[in-house]
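K.L.:
So that we are looking at the same thing, I have put the structure below in structure tokens.
4 protein chains.
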Amino acid sequence: MRFFSDNAAAVCPEVMAALTEANHVDTAYDGDALSKRLDDAFSDLFETRCRAIWVATGTAANSLALAALCPPHGAIVCHRDAHIQNDECGAPEFYTHGAKLLLADGEGAKLTPETIRALLAGVRDDVHQVQPAALSITNATEYGLVYTPDEVKALGDLCREKELGFHVDGARFANAVARLDCRPADLTWRAGVDALSFGFVKNGGMSAEALIFFDTALADATLYRKKRAGHLLSKGRFLAAQILAMLEDGVWLRNARAANDAAARIGAAAGGDRLVLPVEANEVFLRVTPEEAAALRDQGFDFYDWGPGEARLVASWDQRPEDVSALAAAIAAL
Amino acid sequence: MRFFSDNAAAVCPEVMAALTEANHVDTAYDGDALSKRLDDAFSDLFETRCRAIWVATGTAANSLALAALCPPHGAIVCHRDAHIQNDECGAPEFYTHGAKLLLADGEGAKLTPETIRALLAGVRDDVHQVQPAALSITNATEYGLVYTPDEVKALGDLCREKELGFHVDGARFANAVARLDCRPADLTWRAGVDALSFGFVKNGGMSAEALIFFDTALADATLYRKKRAGHLLSKGRFLAAQILAMLEDGVWLRNARAANDAAARIGAAAGGDRLVLPVEANEVFLRVTPEEAAALRDQGFDFYDWGPGEARLVASWDQRPEDVSALAAAIAAL
Amino acid sequence: MRFFSDNAAAVCPEVMAALTEANHVDTAYDGDALSKRLDDAFSDLFETRCRAIWVATGTAANSLALAALCPPHGAIVCHRDAHIQNDECGAPEFYTHGAKLLLADGEGAKLTPETIRALLAGVRDDVHQVQPAALSITNATEYGLVYTPDEVKALGDLCREKELGFHVDGARFANAVARLDCRPADLTWRAGVDALSFGFVKNGGMSAEALIFFDTALADATLYRKKRAGHLLSKGRFLAAQILAMLEDGVWLRNARAANDAAARIGAAAGGDRLVLPVEANEVFLRVTPEEAAALRDQGFDFYDWGPGEARLVASWDQRPEDVSALAAAIAAL
Amino acid sequence: MRFFSDNAAAVCPEVMAALTEANHVDTAYDGDALSKRLDDAFSDLFETRCRAIWVATGTAANSLALAALCPPHGAIVCHRDAHIQNDECGAPEFYTHGAKLLLADGEGAKLTPETIRALLAGVRDDVHQVQPAALSITNATEYGLVYTPDEVKALGDLCREKELGFHVDGARFANAVARLDCRPADLTWRAGVDALSFGFVKNGGMSAEALIFFDTALADATLYRKKRAGHLLSKGRFLAAQILAMLEDGVWLRNARAANDAAARIGAAAGGDRLVLPVEANEVFLRVTPEEAAALRDQGFDFYDWGPGEARLVASWDQRPEDVSALAAAIAAL
């Protein structure tokens, strides 16, 4: 009973079927019929003209977005616990050719205009310091919290004021939308977002993420950066196929809801005091003693310790209901 | 009837089956059971202890290999027509942080010790010039020629003498081995090769190539570079699965032989004068007038023009015999 | 009466004389007679065989040292207030090709083994995070504090234990040695330091700093990086001349003592409560109200505000005694 | 009697005097009174509003200019014998973060629209190849030839047509202007040049070159790149002083004329057959047998061999007339 990462989940049947269906001859790279449908598909979803670029990993999507928004002598504002800072082995620095990440604080890996303003106030406007060029947030955050459209818009307004590009790491964007039940547009370009890493792999895909540019002028140069980074797969149709399969009939939302619901059930079983943070997406952070953690593991539940006295449990799209029930019961019984 | 690129081919059934079989929960990234089998599988194949790293593209494999072999202030010797020079949008420069490619000439994109010595002789040994640190050849070459073990060894000896790392871009390594009917070891580490990009995608895979380090000390740092480049896919088991499926029962050789045989039939039909180069792997370069090219296209054959008066035709593992026969007949009838 | 930066000071007469004396034909770049004397001159000073490389700025010296000690996928531990983090516009990131700076805290910009251990403990040993490869401290620190030989050695021991390269930004190394009255060797290689940026410009030079490698194996590749960064001046003899002039007869120590003495007089006049930090080198940090700062400025003293309620005053080698007396009196009279 | 490089020459008296005069307290970096005069001084000289940035080396000037004109995924067209390709240890690749140099041919290191068009025709307009973004020529060339205003304009027109930025490496720009007796504007912005590396060091300076942006929008970001590269010297006033001293009263032209005249006398003595190339600036390339070269060296003349059967002699601003006469006589007597 695995709750340690949605990266470990299986691939959903619609994606597997799409791979089989895409297995015929077609033009290489991104010249195939499926890849060419992506711009339209995402423009429909987001109710605006946007550009969509498939890549194989969220790290590639994030880094390409940041390279489009920040020069080598610039800086990217992000949360101290952001994936781009802690979990990508310096990929943003590699792709941006050495831009600096400026780290802000905030409960549950969430940023606010206030924390960002405070950080920016400490930067001197001279050539001795790299100048902030972009903001990157994660929605849902690395701690399973969700920014609302209003919260994103407040940050978007700040970006316009400070002339910062605005990137959203949406490795779990589907979970955020599912939670908020909002229009994807309201959580992105209508709130001032320029670029979105739209994650599919954690949510039932195999190896395809979408980098969405609402500022479409950024897309063309990104195609060169993508090729140059070795991310233009020669049989790219298999990536486009995965994404299109998940957009079709709202599979992406269905999967995200399943994961969120599982997490909600676990969170409800845990109750207020045991929860480190509210459960808003598909992650649950529990206060547990080492003995309690061991007890859960003895019952077959697999999860990460998350600092002293805390555990992280992540629900996936394919989490079996009986496993969720068992976990909920086990936590309630602690 | 497509003969324009082996990149456009379908995925072979063994790989598709392996994807389905791998579709269960396992550890993320490269911690899964399949990924962990790669070192052993390739060590068996190459009859020596080696390290094997999956990546999604040949460009990534090549660039990671070159970054392991050449510092930013170094240079990489390669052929003027090498894929790393002409078809990767500067990926070697990106991954090596700005190393320079030094371009040598040679018929059919093949290098010899003599052409390399001549090139090296022009480099001053002082800090005003980047110093050669690595040699990269492509086997089979971009023009479908094959280096024999002896030819590779002569280059390997030169590399030792000149203290150059030795990389082989083996996007069509399978085609070379199939042609030579030699042991993979003889074409690589026994001939002095340090790193091999072992291609599977053109040969029936979907999205997995293997970077093989015979100089195993180079592997560890490469894992960081790979992550940093966004190439550590979170569901990496699906890449390992593809590779293992093609190694099993010699699928990689079977596929390559099929492609080579198809090209040989086409080449034989063309005959000596019409051939720009001997057909040694799965590519055929023909001398054709514009009218002849048009005539072939009118009959439904798809291929690339390759400079004035020449055409490139590439046979794939899945080329239908009847298509090959039709093409051979059409060429013979020109 | 300028107390805002030792960078603004004049060039000392010995250096000016050396420039005139060097003004004859000699080999270009660093092949001249003066440049060739540097290794020996510093080896004598440091009582060990070392390599010495002139560069025009401390930023270049620091960055070249860090590039020699840290790979692009590595991290450099430094203080949150370090010059390399705050005042070099990302030069370390540029020269290292995107390494990350890990920021530790400590009073007066000083690091201790404890703060560094705490920082390192937070780094996971896996490919998802850049791994610490080097430590960089500043001696004297950006806040005018001095590390003793014992303090440096404690850090050097930690570096050995953790396999970190050890760099000292010695923009004011002369001030530290003058303060401690110690052997330069005790403050560097005997304490485990691998590379030192030995500053001369703030201390009476015009445009020459020395990068000293105690780990001499690092020097050769650095010469390529230096050229590649555009730092191999064609008339390099004029840089070597400056450095040699300051090493001769202990000019570097004489100048540093003059600056330290001036700062000490100012600090003594200020007294304990007014001092933010002890005065150990040539910088004085005062607690002043806006009115007090204005009063000092009205009397002709030029200095920087340093955050709310604080002022930074820097004494230079050429500070006129009467100006120092006047400032001391003015501060005492506040 | 040294004729091997103008880099080895002495510093002219006006520059030495200016250094002495600048030796007083002033604001650090480029905030001083002298540095602030540069924009105006060069705007007067070039009869248009331009931005002027001091740096310590021609390599830094060239690389900063190229980084302003070419993205990492772009390419720079230059001559196969260009300094930026052969003598800067990959500095353009370092500063541009890995752009590629595309090499064209041409007698005497001169490019023509035709050779460039032929080169550009070979670049496919797709993401698999880096796209040309800039042209860089050297005037006077590395072989002492001079582009006329018309020749530069023809290249400038091509740049506009092909949307290439246009950089001139003017390490010997003074020699070109002195030869042509033209307005500096006619050789630069009026001919379509965007950025000029205006050399002073070879022409009597000590350590200051000027990077001139006629496309003034490029200057601001360059200031960050310059700082980040460690090229913002803290006592920058001494660089500005050198440049201003050489602009004053036409010292730069006087020095260049002296060098050109010396070369012309040598060239005239050599006569047509012995000259590899016409003598248009301050370099002379002679056909000499090894015995003849030895004979010249026996008489005390110092110069470089330049490939088999050729020698390069460079005249400097401070070449003594008697040495020039002696050399001319010695060559005539061969």
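Chains A, B, C and D are the protein sequences, given in the same order. This note's numbering numbers the first residue of the first sequence as 1213 and each following residue consecutively. This note's numbering numbers the first residue of the second sequence as 1213 and each following residue consecutively. This note's numbering numbers the first residue of the third sequence as 1213 and each following residue consecutively. This note's numbering numbers the first residue of the fourth sequence as 1213 and each following residue consecutively. No residue lacks a Cβ here, since even glycine has one placed at the ideal position from N, Cα and C. Quick caveat: nothing in here was measured; it's all calculated off a predicted structure.
Looking at the strands, I want to know which residues DSSP matches up with B/TYR1307.
P.N.:
Within the second sequence, the letter at position 95 stands for residue 1307 of chain B. Answer is none; B/TYR1307 lacks a bridge partner.
K.L.:
Can you look up B/THR1271 in the DSSP assignment and give me helix, strand or coil?
P.N.:
Stepping through the second sequence from its first residue, residue 1271 of chain B is reached at position 59. Helix at B/THR1271.
K.L.:
I need the straight-line Cα distance from A/LYS1312 to D/CYS1282, nearest angstrom please.
P.N.:
Within the first sequence, residue 1312 of chain A is the residue found at index 100, counting from 1. Within the fourth sequence, residue 1282 of chain D is the residue found at index 70, counting from 1. Going by the C-alpha atoms only, they are around 22 Å apart.
K.L.:
Measuring alpha carbon to alpha carbon, tell me which of B/ALA1474, B/GLY1448, B/ALA1542, B/VAL1463 ends up nearest B/THR1239.
P.N.:
The count along the second sequence starts at 1 and reaches residue 1239 of chain B at position 27. Out of B/ALA1474, B/GLY1448, B/ALA1542, B/VAL1463, B/GLY1448 has the C-alpha closest to the C-alpha of B/THR1239.
K.L.:
For D/ASP1485, count neighbouring C-beta atoms within 10 Å of its own C-beta (all shown protein chains included) and say buried if the count is 16 or more, exposed if not.
P.N.:
Taking the fourth sequence and counting its residues from 1, the one referred to as residue 1485 of chain D is at position 273. It is exposed - the Cβ of D/ASP1485 has fewer than 16 other Cβ atoms within 10 Å.
K.L.:
Can you check the region 1320-1396 of chain C for any alpha helix (DSSP H) of at least 4 residues that lies completely inside it and give the ranges in chain order?
P.N.:
Qualifying alpha helix (DSSP H) stretches, in chain order: 1325-1333, 1361-1374, 1385-1392.
K.L.:
Output the boundary residues of the beta strand (DSSP E) element that contains B/THR1316.
P.N.:
One-based indexing of the second sequence puts residue 1316 of chain B at position 104. Sequence inspection shows Ala at residue 1316 of chain B; the Thr mentioned does not correspond to that position. First-last of the beta strand (DSSP E) with B/ALA1316: 1312-1316.
K.L.:
What residues in the region 1346-1379 of chain A bring their beta carbon closer than 8 Å to a beta carbon of chain D?
P.N.:
none
K.L.:
Is the distance from the Cβ of A/LEU1347 to the Cβ of A/ILE1265 below 9 Å?
P.N.:
Here the question's residue 1347 of chain A lines up with position 135 in the first sequence. Here the question's residue 1265 of chain A lines up with position 53 in the first sequence. Result no, Cβ atoms of A/LEU1347 and A/ILE1265 do not sit closer than 9 Å.
K.L.:
Three-state secondary structure (DSSP) at A/HIS1291?
P.N.:
Translated into the one-based positions of the first sequence, residue 1291 of chain A becomes position 79. Residue state, collapsed to three classes: strand.
K.L.:
Starting from C/GLU1421, trace the beta strand (DSSP E) both ways and give me its first and last residue.
P.N.:
For the purposes of this step, residue 1421 of chain C is taken as residue 209 along the third sequence, with counting starting at 1. It spans 1421-1425 - the beta strand (DSSP E) in which C/GLU1421 sits, taken as one unbroken run.
K.L.:
Where does A/ASP1299 sit, in a helix, a strand or coil, going by DSSP?
P.N.:
In the first sequence, residue 1299 of chain A corresponds to position 87, counting from 1. Here A/ASP1299 sits in coil by DSSP.
K.L.:
For D/GLY1302 and D/LEU1376, I'd like the C-alpha separation in whole angstroms.
P.N.:
Numbered from its first residue, the fourth sequence carries residue 1302 of chain D at position 90. Numbered from its first residue, the fourth sequence carries residue 1376 of chain D at position 164. If you take the alpha carbons of D/GLY1302 and D/LEU1376, they lie about 21 Å apart.
K.L.:
Starting from A/HIS1309, find everything on chain C with Cβ-Cβ shorter than 9 Å and list it in chain order.
P.N.:
Position 97 of the first sequence, counted from the first residue, corresponds to residue 1309 of chain A. Result: GLU1305, PHE1306, HIS1309, GLY1310.
K.L.:
Within its chain, find whatever has a CB closer than 8 Å to the CB of B/ILE1543; leave out the 5 residues flanking it on each side and keep chain order.
P.N.:
Taking the second sequence and counting its residues from 1, one reaches residue 1543 of chain B at position 331. Same-chain partners within the cutoff: ILE1478, ALA1481, ALA1482, ARG1486, LEU1498, LEU1508.
K.L.:
What in chain A is Cβ-close to C/GLN1511, meaning under 9 Å?
P.N.:
Numbered from 1 along the third sequence, position 299 holds the residue referred to as residue 1511 of chain C. Chain A residues near C/GLN1511: none, gap ~27 Å exceeds 9 Å.
K.L.:
What are the start and end residues of each continuous beta strand (DSSP E) run of 3 or more residues lying completely inside the region 1485-1530 of chain A, in chain order?
P.N.:
Correct list: 1495-1499, 1522-1526.
K.L.:
Please confirm if D/PRO1284 has its CB atom under 9 Å from at least one CB of chain G.
P.N.:
Within the model displayed, chain G is absent; protein chains A, B, C and D are what it includes.
K.L.:
Note down the Cα distance separating B/MET1228 from B/ALA1222, rounded to an integer number of angstroms.
P.N.:
To locate residue 1228 of chain B, count along the second sequence from 1; it is residue 16. To locate residue 1222 of chain B, count along the second sequence from 1; it is residue 10. Going by the C-alpha atoms only, they are around 10 Å apart.
K.L.:
Give a yes or no on contact between the region 1347-1362 of chain B and the region 1314-1329 of chain B, applying the rule of three or more CB pairs nearer than 8 Å.
P.N.:
yes
K.L.:
Would you identify the three-state DSSP class for B/ALA1441, choosing helix, strand or coil?
P.N.:
Sequence index remark: in the second sequence, residue 1441 of chain B carries index 229 (1-based). DSSP places B/ALA1441 in coil when its eight states are reduced to three.
K.L.:
With a threshold of 8 Å on Cβ separation, who are the neighbours of C/LYS1438 within its own chain once the five nearest residues in sequence on each side are excluded?
P.N.:
By one-based count along the third sequence, residue 1438 of chain C stands at place 226. These residues qualify, in order along the chain: ILE1265, VAL1267, ALA1272, LEU1276, LEU1444.
K.L.:
With a threshold of 8 Å, are at least 3 pairs of Cβ atoms found where one atom belongs to the region 1521-1533 of chain B and the other to the region 1368-1387 of chain C?
P.N.:
no
K.L.:
Looking at the unbroken beta strand (DSSP E) that takes in B/LEU1408, where does it start and where does it end?
P.N.:
The sequence position of residue 1408 of chain B within the second sequence is 196, counting from 1. B/LEU1408 -> beta strand (DSSP E) spans 1407-1410.
K.L.:
According to the neighbour-count rule (16 or more other Cβ atoms, all chains shown, within 10 Å of its Cβ), is D/GLN1511 buried or exposed?
P.N.:
Numbered from its first residue, the fourth sequence carries residue 1511 of chain D at position 299. Answer is exposed; the Cβ neighbour count stays below 16.
K.L.:
Could you check what DSSP says for B/ARG1449 in three-state terms: helix, strand or coil?
P.N.:
What you label residue 1449 of chain B is simply residue 237 of the second sequence in a count that begins at 1. Looking at B/ARG1449 - three-state DSSP - the assignment turns out to be helix.
K.L.:
Kindly indicate which three-state DSSP category B/ARG1263 falls into: helix, strand or coil?
P.N.:
Working through the second sequence from its first residue, we reach residue 1263 of chain B at position 51. Here B/ARG1263 sits in strand by DSSP.
K.L.:
Just tell me which of B/TRP1518, B/PRO1490, B/VAL1491, B/ALA1333 has its CA closest to the CA of B/PRO1502.
P.N.:
Working through the second sequence from its first residue, we reach residue 1502 of chain B at position 290. Comparing Cα-Cα distances from B/PRO1502 to each of B/TRP1518, B/PRO1490, B/VAL1491, B/ALA1333, the minimum goes to B/TRP1518.
K.L.:
Is there at least one Cβ from chain B nearer than 9 Å to D/ASN1298's Cβ?
P.N.:
Reading the fourth sequence from its first residue, position 86 is the one you call residue 1298 of chain D. So yes, D/ASN1298 belongs to the interface.
K.L.:
Just to confirm, are C/ALA1453 and C/ALA1234 a CB contact at a threshold of 9 Å?
P.N.:
Working through the third sequence from its first residue, we reach residue 1453 of chain C at position 241. Working through the third sequence from its first residue, we reach residue 1234 of chain C at position 22. C/ALA1234 is positioned such that its CB atom lies closer than 9 Å to that of C/ALA1453.
K.L.:
When burial is assigned at 16 or more other CB atoms within 10 Å of the CB, is D/ASP1252 buried or exposed?
P.N.:
On the fourth sequence, position 40 is the one that residue 1252 of chain D refers to. Counting the other Cβ atoms within 10 Å of the Cβ of D/ASP1252 gives fewer than 16, which makes it exposed.
K.L.:
The alpha helix (DSSP H) spanning D/THR1232 covers which residue range?
P.N.:
Start at 1 with the first residue of the fourth sequence, and residue 1232 of chain D comes out as number 20. Counting along the chain, the alpha helix (DSSP H) containing D/THR1232 begins and ends at 1225-1233.
K.L.:
If you count every other CB in all the chains shown that lies within 10 Å of the CB of C/GLY1243, and 16 or more means buried, which is it?
P.N.:
In the third sequence, counting from the first residue as 1, residue 1243 of chain C sits at position 31. Its Cβ having fewer than 16 others within 10 Å, C/GLY1243 is exposed.
K.L.:
With a threshold of 9 Å between beta carbons, is A/LEU1231 in contact with chain B?
P.N.:
Locating residue 1231 of chain A in the first sequence gives position 19, where the first residue counts as 1. Taking 9 Å as the threshold, the shortest C-beta distance from A/LEU1231 to chain B falls below it.
K.L.:
In the DSSP assignment, what residue or residues form a beta bridge with B/ARG1214?
P.N.:
For the purposes of this step, residue 1214 of chain B is taken as residue 2 along the second sequence, with counting starting at 1. Answer by DSSP bridge pairing, in chain order: B/ASP1514.
K.L.:
Could you tell me which residues DSSP puts in a beta bridge with B/VAL1286?
P.N.:
Residue numbering aside, residue 1286 of chain B sits at position 74 when the second sequence is read from its first letter. Residue identity differs from the one stated: residue 1286 of chain B is Gly in this sequence, not Val. Partner(s): B/GLN1343.
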